[in-house]
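Undergrad:
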Ligand SMILES: CC(C)(COP(=O)(O)OP(=O)(O)OC[C@H]1O[C@@H](n2cnc3c(N)ncnc32)[C@H](O)[C@@H]1OP(=O)(O)O)[C@@H](O)C(=O)NCCC(=O)NCCS
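In my numbering, the protein residues as written are 338 to 515.
1) Opposite residue 463 in the DSSP bridges: which residues?
2) Report the three-state DSSP secondary structure of residue 441 (helix, strand or coil).
3) What is the residue span of the alpha helix (DSSP H) that residue 478 lies within?
4) Nearer than 7 Å: is that true of the beta carbon of residue 416 relative to any heavy atom of ligand 1?
5) Taking residue 515 as part of the beta strand (DSSP E), name the residues at either end of that continuous run.
6) For ligand 1, is there any heavy atom lying closer than 7 Å to the beta carbon of residue 362?
7) Could you tell me how far apart the beta carbons of residue 404 and residue 359 are, in whole angstroms, since I believe they sit closer than 8 Å?
8) Using the three-state DSSP reduction, which class does residue 498 fall into: helix, strand or coil?
9) If you pair each beta-carbon of the stretch 410-420 with each one of the stretch 365-382, do three or more pairs fall below 8 Å?
10) Going by DSSP, name the residue or residues bridged to residue 344.
11) Please say whether residue 506 and residue 467 have beta carbons closer to each other than 8 Å?
12) Bridge partners for residue 416 per DSSP, in chain order?
13) Based on Cα-Cα distance, which residue from 442, 451, 411 and 482 lies nearest to residue 362?
14) Please confirm if the stretch 493-511 is in contact with the stretch 451-458, defined as three or more CB-CB distances below 8 Å between the two stretches.
15) Within a Cβ cutoff of 6 Å, which residues of the same chain sit near residue 476, ignoring the five residues on either side of it in sequence?
16) Given this structure, state the Cα-to-Cα distance separating residue 444 from residue 401, to the nearest angstrom.
17) Just to confirm the assignment, what range does the alpha helix (DSSP H) spanning residue 356 have?
Rendered as structure tokens:
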């Protein structure tokens with residue numbers, strides 16, 4: 338990691354940059370611009386819109402965490418209450434030019450800390466769009482295990498984008514926070 342990272346809740350005015358980072362990290366313009374876990378080979382179209390991100394922040398100002406390095410927004414992650422004591426981590430994304438330096442791990446750890454301390458969650462859940470063995474291995478090295486739940490992504494893409502393969506799956510992972 339370079340420099341000092343500050344993590345805090347996203348403000349409404351951060352929505353455009355959060356959207357840009359998520360869409361760039363997931364899809365970029367092609368595989369070469371999305372970072373090491375991009376999905377440009379699996380899905381087309383944007384992952385999120387500014388409107389969606391604005392609604393999440395507006396409805397719950399403690400739902401999107403952002404990481405700033407020298408006042409530049411470099412990463413984000415969304416937290417959602419799933420069930421009592423279970424929180425969901427989604428849309429963890431680091432600006433591609435800043436990846437591989439420990440930022441993703443640091444932001445994931447901060448998301449887990451907020452779920453455990455602020456939200457009193459005992460379990461973090463997340464869903465990985467597969468096949469992405471390198472990303473599944475990354476989460477496993479950070480203590481996540483598959484719950485055994487996996488299902489095919491529907492042909493409409495379910496808001497993830499436009500599927501470019503018929504065999505995409507959503508694989509559920511979880512990790513104890515206490
Ligand atoms: C997943 C993501 C958040 C990780 O962020 P990051 O800042 O690159 O992650 P870190 O620097 O903390 O970790 C890098 C690790 O990946 C490994 N790595 C780097 N490039 C790799 C590659 N091409 N293949 C496999 N592993 C690789 C590093 O060796 C390092 O491993 P270790 O720390 O476990 O030993 C980031 O890649 C991203 O924004 N991806 C797009 C959005 C996405 O798919 N999010 C997950 C939603 S479920």
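Note that CB positions come from ideal geometry on N, CA and C, so glycine has one too.
Predicted model only: the values in this text are computed from it and were never measured.
TA: In brief:
1) 510
2) helix
3) 470-478
4) no
5) Premise fails: residue 515 is in no beta strand (DSSP E) and is neither H nor E.
6) yes
7) Not really, about 13 Å apart at Cβ, beyond 8 Å.
8) coil
9) no
10) 404
11) yes
12) 426
13) 411
14) no
15) 510
16) 11 Å
17) 352-363
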